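Just below is one structure, and these are the notes that go with it.
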Amino acid sequence: MLSEDRKTAVITGAAGAIGGAIAQLLVEGGWEVVGLDLRKGDSSSIAWVVADVTDSEQMETAAKSLDRCDLLVNAAGFGDRAPAAEMTPAQWESVISGCLSGTFYSCRAFFPQLAAGGGVIVNIASAAATNALATHANYCSAKAGVVALTEVLALEWAKEGIRVLAVSPGFVATHKQKLGFETAPKLLGGIEAGTPMGRLAEVAEIAEAVVGLVGSQFSYLAGTNVVIDGGFSTDGGRSQLFAAYE
């Protein structure tokens, strides 16, 4: 699987659940993997670079320390929920910076290496990019921006041989998410009821989709937002989720 010449992948947010799963799957497929995060993760099979994606200078420095980047996966990001009328400027700006600005800074920093080898960028967006969620004005806006950024970069960089894609997971059963649902069983029930497949995604399902999209069988796929949400975006049952927020 994708191991012909020991290509190099850079994964931002690699210490997190989804980024870490993607990184591990790539390692198993024969890739050299560089994990970029605010702290080093637990995996010893990954070369770690400590950097803040929201700091453009740090990202430029990190990129210049690497000779090669065939794949860039931007998985860094977080949420900080609050009703829109009560959301502080700090809450708004931190999520926009972490999810959207960080993705842009990362793409820009690694552009030279990606262009040199005709690489691939996968930006982790969210089903929240196209599905409004109460108390998530910052997160929904940031992820919508990631999808738009993906389309612009795909348009501009195709001539450089770079494919740019977005992957938008729905609700994913990360450890952090599971802990949150322990105190909000009604919310979990609303999500499950509003998802045609009746459950959250497993982390491995998202990672396998991302790695699969990098393969040569998808060499004509660019500027696309691949939604992986168990049908959540298409189902009118989402009203049950919104009711759970009330």
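Number 112 in my numbering belongs to position 126 of the sequence shown; there are no gaps in the numbering. Ideal placement from N, C-alpha and C gives every residue a C-beta, glycine not left out. Only a predicted model underlies this, so the values are computations on that prediction, with no experimental measurement involved.
>> Alpha carbons only, please: which of 169, 17, 209 and 66 is nearest the one belonging to residue 107?
In response: Nearest to residue 107 by alpha-carbon distance, out of 169, 17, 209 and 66, is 209.
>> For residue 149, count the other beta carbons within 10 Å of its own beta carbon; 16 or more makes it buried, fewer makes it exposed. Which is it?
In response: It is buried - the Cβ of residue 149 has at least 16 other Cβ atoms within 10 Å.
>> Rounded to whole angstroms, what is the Cα-Cα separation between residue 18 and residue 76?
In response: Our two residues, residue 18 and residue 76, have alpha carbons roughly 37 Å apart in a direct line.
>> Taking contact to mean 3 or more Cβ pairs, one atom from each stretch, closer than 8 Å, check whether the segment 109 to 128 and the segment 59 to 79 are in contact.
In response: The answer is yes - the segment 59 to 79 touches the segment 109 to 128, with three or more Cβ pairs under 8 Å.
> If we ignore side chains and look at the alpha-carbon of each, how far apart do residue 212 and residue 47 end up?
Replying inline: C-alpha of residue 212 to C-alpha of residue 47: approximately 31 Å in a straight line.
> Measuring CA to CA, which of 194, 13 and 146 is closest to residue 155?
Replying inline: Residue 155 has its Cα closest to that of 194, out of 194, 13 and 146.
> In this structure, does DSSP put residue 8 in helix, strand or coil?
Replying inline: Helix, per DSSP.
>> Tell me which residue opens and which closes the beta strand (DSSP E) that residue 149 is part of.
In response: In the DSSP annotation of this structure, the continuous segment of the beta strand (DSSP E) that includes residue 149 starts and ends at 149 to 155.
> Looking at the unbroken beta strand (DSSP E) that takes in residue 20, where does it start and where does it end?
Replying inline: It spans 18 to 23 - the beta strand (DSSP E) in which residue 20 sits, taken as one unbroken run.
>> Quick check: the segment -10 to -1 against the segment 182 to 189, are at least 3 beta-carbon pairs closer than 8 Å?
In response: The way I'd put it, the segment 182 to 189 doesn't touch the segment -10 to -1; fewer than three beta-carbon pairs between them come closer than 8 Å.
>> Considering just the uninterrupted stretch of the alpha helix (DSSP H) at residue 199, what are its terminal residues?
In response: In the DSSP assignment, residue 199 falls within the alpha helix (DSSP H) that extends over 189 to 200.
> Is residue 107 helix, strand or coil when you go by DSSP?
Replying inline: DSSP, reduced to helix, strand and coil, places residue 107 within a strand of the structure shown.
> So what's residue 32 in DSSP terms, helix, strand or just coil?
Replying inline: The answer is coil: DSSP assigns residue 32 none of H, G, I, E or B.
> Between residue 24 and residue 36, which are expected to be in contact by the criterion C-beta below 8 Å, what is the C-beta distance as a whole number of angstroms?
Replying inline: So it is a contact: roughly 7 Å between Cβ atoms.
> Would you say residue 80 and residue 39 are within 9 Å of each other, going by their C-beta atoms?
Replying inline: With contacts defined as CB atoms closer than 9 Å, residue 80 and residue 39 fail to qualify as a contacting pair.
>> What residue range does the beta strand (DSSP E) around residue 57 cover?
In response: Its beta strand (DSSP E) spans residues 57 to 60.
> Taking Cβ positions only, does residue -2 come closer than 9 Å to chain D?
Replying inline: In summary, chain D is missing from the structure at hand, where a single protein chain is found.
> Apart from the five residues on each side of it in sequence, which residues of its chain come closer than 7 Å, Cβ to Cβ, to residue 83?
Replying inline: Same-chain partners within the cutoff: 40.
>> Looking only at its chain, what residues have a beta carbon closer than 7 Å to the beta carbon of residue -1, apart from the 5 residues adjacent to it on each side?
In response: So the qualifying residues of the chain are 5, 23, 61, 62 and 63.
>> Please return the same chain residues whose Cβ sits closer than 7 Å to the Cβ of residue 55, not counting the five positions on each side in sequence.
In response: Cβ within range, chain order: -6, -4, 96, 99, 100 and 105.
> With residue 1 and residue 189 assumed to form a contact (beta carbons below 8 Å), what rounded beta-carbon distance in angstroms separates them?
Replying inline: Under the criterion of beta carbons closer than 8 Å, residue 1 and residue 189 do not qualify as touching, at roughly 14 Å.
>> Along the chain, where does the beta strand (DSSP E) containing residue 82 start, and where does it finish?
In response: Taken as a continuous stretch (DSSP letters only), residue 82 belongs to no beta strand (DSSP E), as it is neither H nor E.
>> Could you give the first and the last residue of the continuous beta strand (DSSP E) run that contains residue 213?
In response: Where residue 213 is concerned, the enclosing beta strand (DSSP E) stretches over 211 to 214.
> If residue 31 and residue 20 are in contact, beta carbons under 8 Å, what's the gap, nearest whole angstrom?
Replying inline: Incorrect: roughly 11 Å between the Cβ atoms, too far for contact.
>> Do residue 157 and residue 218 count as a contact pair if the criterion is CB distance below 9 Å?
In response: In this structure, residue 157 lies closer than 9 Å to residue 218 by Cβ.
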